[in-house]
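Asks: Mapping of the sequence shown onto the working numbering: residues 321 to 436, in sequence order.
Glycine residues also receive a C-beta, built at the ideal position from the N, C-alpha and C atoms.
Keep in mind the model is a prediction, meaning the values are calculated, not measured.
What follows is a structure written as structure tokens; I'll ask about it next.
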Amino acid sequence: MFTRQKCQNAINQISNKSVTSISEYVENLNSISSETNAMEVYNSVLNELQRIVDEADYLEALRVINNKGLLPYTGLSNSFGWKKQYYIDYVLKLLNVTDDCAEALCNIFKEYIPLQ
Numbered sequence: 321m322f323t324r325q326k327c328q329n330a331i332n333q334i335s336n337k338s339v340t341s342i343s344e345y346v347e348n349l350n351s352i353s354s355e356t357n358a359m360e361v362y363n364s365v366l367n368e369l370q371r372i373v374d375e376a377d378y379l380e381a382l383r384v385i386n387n388k389g390l391l392p393y394t395g396l397s398n399s400f401g402w403k404k405q406y407y408i409d410y411v412l413k414l415l416n417v418t419d420d421c422a423e424a425l426c427n428i429f430k431e432y433i434p435l436q
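Dropping the structure here:
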């Protein structure tokens, strides 16, 4: 999904470049395949996701999961046989557990969500 979106953005950018002639437009369109290497983009995204996991970067993980409603695409809730809302409720319930992971997530939320 990330690869498709990044490649689509690049294609849109290339095809929407300002041109002064049809030959310039054709040249732009012909450059699409060389400028949108899907495998390179995929590997880059995969490396970034692996970095997030390796570094336990919870805030970035939350940003990624929230990106364009990614949760339904993860298949996580389906893997457990749960509906999306039940999965979200369960994750929130886990935050009440006292362990290092829950504490780290709570601290991140407290840092970025103003408590009033």
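Rounded to whole angstroms, what is the Cα-Cα separation between residue 356 and residue 347?
Replies: Against the sequence shown, residue 356 aligns to sequence position 36. Against the sequence shown, residue 347 aligns to sequence position 27. Using only the alpha carbons, I get a separation of about 15 Å.
Asks: Pick helix, strand or coil for residue 360, following the three-state DSSP scheme.
Replies: Within the sequence shown, numbered from 1, the residue matching residue 360 stands at position 40. Helix.
Asks: For residue 422, which of helix, strand or coil comes out of DSSP?
Replies: Working through the sequence shown from its first residue, we reach residue 422 at position 102. Residue 422 falls in the helix class under three-state DSSP.
Asks: Please list, in chain order, all residues of the same chain as residue 378 whose beta carbon is under 7 Å from its beta carbon, the five residues on each side excluded.
Replies: If you number the sequence shown from 1, residue 378 lands on position 58. Closer than 7 Å at Cβ, skipping near neighbours: 424, 425 and 428.
Asks: Rounded to the nearest angstrom, what separates residue 366 and residue 321 at their Cα positions?
Replies: Here residue 366 corresponds to residue number 46 of the sequence shown, with the count starting at 1. Here residue 321 corresponds to residue number 1 of the sequence shown, with the count starting at 1. So the two alpha carbons sit approximately 11 Å from each other.
Asks: What residue does the alpha helix (DSSP H) around residue 353 start on, and which one ends it?
Replies: Taking the first residue of the sequence shown as position 1, residue 353 is located at position 33. 352-355 is the extent of the alpha helix (DSSP H) around residue 353.
Asks: Let me check understanding here. Comparing Cα to Cα, which of 360, 368, 353 and 419 lies closest to residue 332?
Replies: Taking the sequence shown and counting its residues from 1, one reaches residue 332 at position 12. Closest by alpha carbon: 353.
Asks: Between residue 341 and residue 412, what straight-line distance do the alpha-carbon atoms span, to the nearest angstrom?
Replies: Mapped onto the sequence shown, residue 341 falls at position 21. Mapped onto the sequence shown, residue 412 falls at position 92. Answer to the nearest angstrom: the Cα atoms are 56 Å apart.
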